[in-house]
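Protein chains: 2
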Amino acid sequence: MPPGEFELIARWFTRQSVRSDVLLGVGDDAALLAPPPGQVLVAAADTLVAGRHFLPGTPAACIGHQALAVNLSDMAAMGAEPAWALLSLSMPQADPEWLDGFAQGLHALADAHDVALVGGDTVSGPLVITVCLLGFVPSGEALRRTGARVGDLLYVSGTPGLAGAGLELLRSGIESFDSTDDCVRRFLHAEPRVTLGRRLRSLASAAMDVSDGLLGDARKLAAASGVGLRIELERLPLAPALLARWPRDRCESFVLHGGDDYELLFTLPVANAGRVAELAQATGCELHCIGEIVAGEGVSCTRGGRVVAVPGTGFDHFAG
Amino acid sequence: MPPGEFELIARWFTRQSVRSDVLLGVGDDAALLAPPPGQVLVAAADTLVAGRHFLPGTPAACIGHQALAVNLSDMAAMGAEPAWALLSLSMPQADPEWLDGFAQGLHALADAHDVALVGGDTVSGPLVITVCLLGFVPSGEALRRTGARVGDLLYVSGTPGLAGAGLELLRSGIESFDSTDDCVRRFLHAEPRVTLGRRLRSLASAAMDVSDGLLGDARKLAAASGVGLRIELERLPLAPALLARWPRDRCESFVLHGGDDYELLFTLPVANAGRVAELAQATGCELHCIGEIVAGEGVSCTRGGRVVAVPGTGFDHFAG
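Keeping their order, the protein sequence lines are chains A and B.
Mapping to numbering that gives the first Met the number 0: the first sequence position 113 is 112, numbers consecutive.
Mapping to numbering that gives the first Met the number 0: the second sequence position 189 is 188, numbers consecutive.
The following block contains the structure:
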């Protein structure tokens with residue numbers, strides 16, 4: 000007999016919290032939490048839908064990881080320290096094997112970031128997972144999308160495009176879910192840049208996470224800050240795992256349009272550019288200057304100093 | 000052409016907040032919020048699935064209302080003051096007419112409780128709605144399920160059973176969604192007992208909301224407090240709208256087993272029983288003593304002082 004709702008919560012989603020700021024976790028009508036004094040609360044909620052955000056057959060542990068990772072990436076983009084998560088899990092049936100995997104993936108990433116699961120909901124329905132993640136940032140230090148200024152430099156962390164390429168390799172059947180290919184690994188195991196985000200608090204003028212494609216997300220940053228962005232295409236970091244499989248222009252397309260990167264796109268005043276090498280070393284994360292902030296609006300791309308047309312925008316869930 | 004994801008958020012879910020503690024609302028990677036000093040943060044997340052939590056054809060405004068109401072009820076059960084909501088909305092398509100209704104229902108209830116919508120997610124997928132609601136309670140004053148003591152009195156607010164009866168009237172086609180029947184109204188427009196919950200802080204020894212049926216929820220309260228509950232069946236409040244349609248034993252069954260009441264079940268030390276009439280008057284809410292706390296475990300029901308067997312437990316989403 001499959002486990003009931005209350006056994007399910009007790010068995011897979013109730014753990015002794017190691018955080019002393021969790022006054023009351025899973026099991027009552029709501030969680031009771033003690034925000035640290037002098038800090039601002041940061042709150043995000045992201046949803047994964049089966050067949051939209053993950054492929055049929057995706058290992059449950061990867062889904063559990065991803066459900067939290069997408070929210071950790073939002074915390075990273077704000078420069079916040081994540082703390083507490085609420086999980087809403089709608090699923091067709093309570094399959095113990097699937098739940099073992101899902102909980103393992105979720106809890107492992109939560110542990111790595113000292114996040115406590117404090118509440119949520121489990122219901123029967125289509126497989127749809129929402130995590131609401133709460134964290135803190137010292138008052139006045141949050142990173143926003145609105146602070147980019149003309150003359151600032153534009154950076155991206157890591158090597159975007161790998162995840163989008165990994166999705167294509169899985170979709171086309173070229174690679175399987177247990178592949179050790181760098182692209183597939185990155186797609187299935189996003190590594191949200193939480194440490195980098197925290198370190199950027201005092202350095203960056205604006206930041207956001209890249210989840211819907213670098214170019215489309217850059218347009219959002221430009222719009223939020225009321226500036227233009229100029230991306231120099233020859234400065235885009237092209238990962239060896241991309242170049243090993245595809246021609247250069249295809250690699251560039253993955254970098255500009257691929258989704259699910261969960262890297263950080265940020266702007267730095269020129270005066271802070273000298274701190275980047277040290278920051279990359281401290282966070283173990285490549286940081287690439289890919290352009291600059293200019294007067295105007297939107298994003299323009301250049302190659303060899305000349306503006307070139309680049310089609311496509313970011314992913315829109317409800318685009319016609 | 001249907002609206003895109005970003006137009007959708009801008010048009011239906013971005014409103015100027017009237018709360019000065021919202022430092023940054025919808026539109027960045029996460030919301031920035033200022034919890035009041037000296038208060039504990041209260042967090043809950045509840046999910047509605049089409050066909051499970053609401054019937055096919057339910058007016059969108061009722062779904063928007065319900066999505067927030069179920070979470071407000073959790074705040075009420077903790078004695079908390081609600082403040083900020085995050086909405087995760089998965090829906091098959093962005094239908095402007097449906098969104099008009101949904102947003103109207105959601106925002107009207109949010110306004111009534113001074114709740115600001117500060118973030119969330121919109122994705123395409125099956126109709127599944129999660130609201131994460133955050134609120135506050137003064138440190139040490141939250142109501143929990145664990146505080147009931149032997150000798151305390153057991154109370155329920157309002158007239159439970161109406162919503163379950165309303166669901167049956169709709170399901171059977173006896174009444175339609177625009178019916179003015181009290182049962183149907185209560186099912187479609189839950190009135191979470193937020194004011195009552197706040198007033199109970201200093202009076203009640205334990206509290207929870209009744210959402211899965213009074214009897215099953217009473218069993219959870221008993222288990223959490225490590226006590227037994229004795230319910231005197233003749234003290235159950237039977238609403239006129241129930242008695243007008245059904246025989247007395249059927250009405251009792253709606254009260255004990257019907258879901259979606261969103262009333263409060265709470266326990267009072269006998270010394271506080273004299274405050275109940277004043278509390279009912281102040282909150283405009285009937286309060287009925289239906290039993291007491293006894294040594295032991297579980298819930299027993301009596302009629303004329305004799306224990307009688309009552310079948311059935313609360314609703315379990317994954318019961319076999």
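Note that the Cβ used here is the ideal one computed from N, Cα and C, for glycine as well.
If you're wondering where the values come from, they're calculated on a predicted model, not measured in any experiment.
(request) Check residue 21(B) in the structure and name its three-state DSSP category. (result) Numbered from 1 along the second sequence, position 22 holds the residue referred to as residue 21(B). Of the three classes helix, strand and coil, the one that applies to residue 21(B) here is strand, per DSSP.
(message) With three or more C-beta pairs closer than 8 Å as the rule, is the segment 47-67 of chain A touching the segment 233-244 of chain A?
(response) no
(request) Name, please, each residue of chain B whose Cβ falls closer than 8 Å to the Cβ of residue 32(A). (result) In the first sequence, residue 32(A) corresponds to position 33, counting from 1. What residue 32(A) touches in chain B: 39, 40, 41 and 42.
(message) To the nearest angstrom, how far is the alpha carbon of residue 40(A) from that of residue 212(A)?
(response) Counting from one through the first sequence, the residue named residue 40(A) turns up at place 41. Counting from one through the first sequence, the residue named residue 212(A) turns up at place 213. Going by the C-alpha atoms only, they are around 28 Å apart.
(request) Determine the burial state of residue 273(A): buried for a count of at least 16 other Cβ atoms within 10 Å of its Cβ, exposed for fewer. (result) Counted from its first residue, the first sequence places residue 273(A) at position 274. With fewer than 16 other Cβ atoms within 10 Å, it is exposed.
(request) With a threshold of 16 other CB atoms inside 10 Å of the CB of residue 87(A), please say whether the residue is buried or exposed. (result) The count along the first sequence starts at 1 and reaches residue 87(A) at position 88. Classification for residue 87(A): buried.
(message) I'd like to know whether the C-beta of residue 319(A) is nearer than 9 Å to at least one C-beta of chain B.
(response) Along the first sequence, read from residue 1 onward, the residue named residue 319(A) stands at position 320. Any reading at residue 319(A) needs caution, since the residue's pLDDT is 43, under 50, leaving its predicted position unreliable; the model's value is listed next. Answer yes: the Cβ-Cβ gap between residue 319(A) and chain B drops below 9 Å somewhere.
(request) Tell me whether residue 9(B) is buried or exposed, calling it buried when 16 or more other Cβ atoms sit within 10 Å of its Cβ. (result) Here residue 9(B) refers to the residue found at position 10 of the second sequence. Classification for residue 9(B): exposed.
(message) Given the structure, does residue 19(B) come close to the ligand PLP, in the sense that its CB is under 8 Å from one of the ligand's heavy atoms?
(response) No copy of the ligand PLP appears in this structure; indeed no ligand is present at all.
(request) Would you please verify whether the beta carbon of residue 29(B) is less than 9 Å from any beta carbon of chain A? (result) In the second sequence, residue 29(B) corresponds to position 30, counting from 1. Yes, residue 29(B) counts as interfacial toward chain A.
(message) Rounded to whole angstroms, what is the Cα-Cα separation between residue 127(A) and residue 49(B)?
(response) On the first sequence, position 128 is the one that residue 127(A) refers to. On the second sequence, position 50 is the one that residue 49(B) refers to. One C-alpha to the other measures close to 12 Å.
(message) Please report whether the beta-carbon of residue 48(A) lies at a distance below 9 Å from any beta-carbon of chain B.
(response) Within the first sequence, residue 48(A) is the residue found at index 49, counting from 1. True, the Cβ-Cβ gap to chain B drops below 9 Å.
(message) Tell me the rounded alpha-carbon separation between residue 258(A) and residue 161(A).
(response) Against the first sequence, residue 258(A) aligns to sequence position 259. Against the first sequence, residue 161(A) aligns to sequence position 162. Near 9 Å, if we compare the C-alpha coordinates of residue 161(A) and residue 258(A).
(request) Could you list which residues in chain B have their beta carbon closer than 8 Å to that of residue 79(A), in chain order? (result) To locate residue 79(A), count along the first sequence from 1; it is residue 80. By Cβ distance, chain B contributes 29.
(message) Just checking: is the beta-carbon of residue 223(B) within a distance shorter than 9 Å of some beta-carbon in chain A?
(response) Here residue 223(B) corresponds to residue number 224 of the second sequence, with the count starting at 1. Closer than 9 Å to some Cβ of chain A, the Cβ of residue 223(B) qualifies, so yes.
(request) For the segment 243-268 of chain B, enumerate the residues whose C-beta is nearer than 8 Å to any C-beta of chain A, in chain order. (result) none
(message) For a cutoff of 9 Å on Cβ pairs, would you count residue 26(B) as touching chain A?
(response) Position 27 of the second sequence, counted from the start, is the residue given in the question as residue 26(B). Judged by the 9 Å Cβ criterion, residue 26(B) is in contact with chain A.
(request) Taking residue 320(A) as the query, report the chain B residues whose CB atoms sit under 9 Å from its CB, ordered along the chain. (result) Missing from the structure shown is residue 320(A); chain A here goes from 0 to 319 and no further.
(message) According to DSSP, simplified to helix, strand and coil, what is residue 193(B)?
(response) If you number the second sequence from 1, residue 193(B) lands on position 194. Note: residue 193(B) maps to helix in three-state DSSP.
(message) Given this structure, state the Cα-to-Cα distance separating residue 93(B) from residue 102(B), to the nearest angstrom.
(response) Looking up residue 93(B) in the second sequence gives position 94. Looking up residue 102(B) in the second sequence gives position 103. In a straight line, the C-alpha of residue 93(B) is about 12 Å away from that of residue 102(B).
(message) Determine, for residue 83(A), whether the minimum Cβ-Cβ distance to residues of chain B falls below 9 Å.
(response) The residue you call residue 83(A) lines up with position 84 of the first sequence. So yes, residue 83(A) belongs to the interface.
(message) Going by the DSSP bridge assignment, what does residue 302(B) pair with across the sheet?
(response) Numbered from its first residue, the second sequence carries residue 302(B) at position 303. In DSSP, residue 302(B) forms a bridge with 305(B).
(request) Report back the beta-carbon spacing between residue 44(B) and residue 67(B) to the nearest angstrom; my notes put them in contact at under 8 Å. (result) Stepping through the second sequence from its first residue, residue 44(B) is reached at position 45. Stepping through the second sequence from its first residue, residue 67(B) is reached at position 68. 12 Å between Cβ atoms; not a contact.
(request) Taking all protein chains shown into account, decide if residue 174(A) is buried (16 or more other Cβ within 10 angstroms of its Cβ) or exposed. (result) Here the question's residue 174(A) lines up with position 175 in the first sequence. Buried, since its Cβ has 16 or more Cβ neighbours within 10 Å.
(message) One question on the structure: do residue 78(A) and residue 203(A) come within less than 9 Å of each other, judged by their Cβ atoms?
(response) The residue given as residue 78(A) occupies position 79 in the first sequence. The residue given as residue 203(A) occupies position 204 in the first sequence. Going by C-beta atoms, residue 78(A) is nearer than 9 Å to residue 203(A).
(request) Below 9 Å between beta carbons is the criterion; list the residues of the segment 173-205 of chain A that meet it against any residue of chain B, in chain order. (result) none
(request) Can you tell me which of 17(A), 226(A), 118(A) and 159(A) puts its alpha carbon nearest to the alpha carbon of residue 152(A)? (result) Here residue 152(A) refers to the residue found at position 153 of the first sequence. Checked all of 17(A), 226(A), 118(A) and 159(A); the closest Cα to residue 152(A) is 226(A).
(message) If we require 4 or more residues per run, which alpha helix (DSSP H) segments fall completely within the segment 249-286 of chain A?
(response) 275-282
(message) Just verifying my parser: in three-state terms, what is the DSSP assignment at residue 183(B)?
(response) On the second sequence, residue 183(B) is found 184 positions in, with the first residue counted as 1. Note: residue 183(B) maps to helix in three-state DSSP.
(message) Comparing C-alpha positions only, which one of 164(B), 205(B), 99(B) and 297(B) sits nearest to residue 228(B)?
(response) In the second sequence, counting from the first residue as 1, residue 228(B) sits at position 229. Here the closest residue by C-alpha is 297(B).
(request) For residue 131(A), return the contacting residues in chain B, with the cut-off set at a CB-CB distance below 7 Å. (result) As a working note, residue 131(A) is residue 132 in the first sequence. Within chain B, the residues near residue 131(A) are 44, 85 and 131.
(message) Please report the straight-line C-alpha distance between residue 312(B) and residue 125(B), rounded to a whole angstrom.
(response) Within the second sequence, residue 312(B) is the residue found at index 313, counting from 1. Within the second sequence, residue 125(B) is the residue found at index 126, counting from 1. Bear in mind that a pLDDT of 49 at residue 312(B), under 50, signals an unreliable position, so the number given afterwards is only what the model happens to contain. If I take the Cα positions, the gap works out to 30 Å.
(message) Does any residue of chain A have a CB that is nearer than 9 Å to the CB of residue 76(B)?
(response) The count along the second sequence starts at 1 and reaches residue 76(B) at position 77. Interface residue, yes.
(message) Across the segment 281-292 of chain A and the segment 181-200 of chain A, are there enough close Cβ pairs to call them in contact, namely three or more that are closer than 8 Å?
(response) Because the criterion of three Cβ pairs below 8 Å is met, the segment 281-292 of chain A and the segment 181-200 of chain A touch.
(request) Hey, could you find the ends of the alpha helix (DSSP H) residue 344(A) is sitting in? (result) A question about residue 344(A) goes unanswered here, because the residues of chain A that appear run from 0 up to 319.
(request) Return the residues of the segment 8-25 of chain B that lie within a Cβ-Cβ distance of less than 8 Å from chain A, sorted by chain order. (result) 22 and 23
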